[in-house]
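Final position of the sequence shown in our numbering is 227; the numbers increase by one with none missing.
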Amino acid sequence: MVRVRLPAASLPAAIASRAEYAADAAVHAVGLLAGGLACLGLALALPDAAGRRSAAAFGLYAAGLLAMLGCSALYNLARPGQWRRILQRFDHAAIFLMIAGTYTPVALLAIGGGWGWALFATVWAGALSGALLKLLAPARIERAAILLYLLLGWVGLLAIGPLLQSLPVADLLLLLLGGMLYSLGVRVHLATALRFHTAIWHGLVLAAAACHYAVVLHLASAD
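This is the structure we're talking about:
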């Protein structure tokens, strides 16, 4: 077996040891594989007679998921340097796209109508604004970014009435659980003194994404 030994200087600043780097790399490998299979499963679950709106909604979700997973892997596993700082911008911007992508099929296909389009427009306006700021002027929202992620992630509570009317209890619970796992992940992300905190944080992100994927897959199969 060939073992790759990374010098300490080549490790990302947020990762304190080779073991933590390896753990985070493993989490990202699982995430990329699972994300690819998830998107394939979503495409297979979508009926041939699905309309353009359904295809676009699920396409935006899949694009957001793959963008988040891919950008996270590229940034978090990259060595320190100028390229890593650039990759960080894309990583942080992709989080906004993932949030909006997840909301898209729920807003347009499950809720629909005025409430659905209002939620869709609100989330995407916030996500695109946040993503552009992260790409072009990240320092301007550096301190507020985490709060913006959380606010955008939970903005669906404004449409709690239509959500209760549009989704079965199981899907609602999965949406809630996913949101709670994402929020817990933020807490772990900030606990930099915790060993393996980066791998744990990314593991919580995958668990949250899996909860929301189950809801999206149910919407696709019922479309």
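Backbone N, C-alpha and C define an ideal beta-carbon position, used for all residues, glycine too. All figures in this text were calculated on a predicted structure; none of them were measured in a lab.
{"query": "Residue burial classification, W128 (beta-carbon count within 10 angstroms, cutoff 16)", "result": "buried"}
{"query": "Cα-Cα separation between G134 and L168, rounded to whole angstroms", "result": "28 Å"}
{"query": "Cut-off 8 Å between Cβ atoms - residues of its own chain near H32, not counting five sequence neighbours on either side", "result": "L73, S76, A77, N80, L81 and H206"}
{"query": "Sequence-distant residues of its chain with Cβ nearer than 7 Å to A114 (five each side left out)", "result": "S170, L171 and L223"}
{"query": "Any non-hydrogen atom of the ligand SAH within 6 Å of G182 CB", "result": "Absence of the ligand SAH is noted for the structure shown, with no ligands found whatsoever."}
{"query": "Own chain residues within Cβ distance below 6 Å of C43, not counting five before or after", "result": "A66"}
{"query": "Contact check, F124 vs A111, beta carbons under 7 Å", "result": "yes"}
{"query": "Residues near A12 in its chain [Cβ-Cβ closer than 6 Å; skip 5 each side]", "result": "Model confidence at A12 stands at a pLDDT of 45, short of 50, so the residue's coordinates are unreliable; what they give is reported in the following sentence. Closer than 6 Å at the Cβ level, and outside the excluded window around A12, lies no residue."}
{"query": "T196 in three-state terms, based on DSSP", "result": "coil"}
{"query": "Whole-Å CB distance - A47 paired with P109, under 8 Å assumed", "result": "Actually they are not in contact, since the Cβ atoms of A47 and P109 sit about 13 Å apart, beyond 8 Å."}
{"query": "For L155, three-class secondary structure by DSSP", "result": "helix"}
{"query": "Whole-number beta carbon distance between S225 and A49, since they are thought to touch under 8 Å", "result": "5 Å"}
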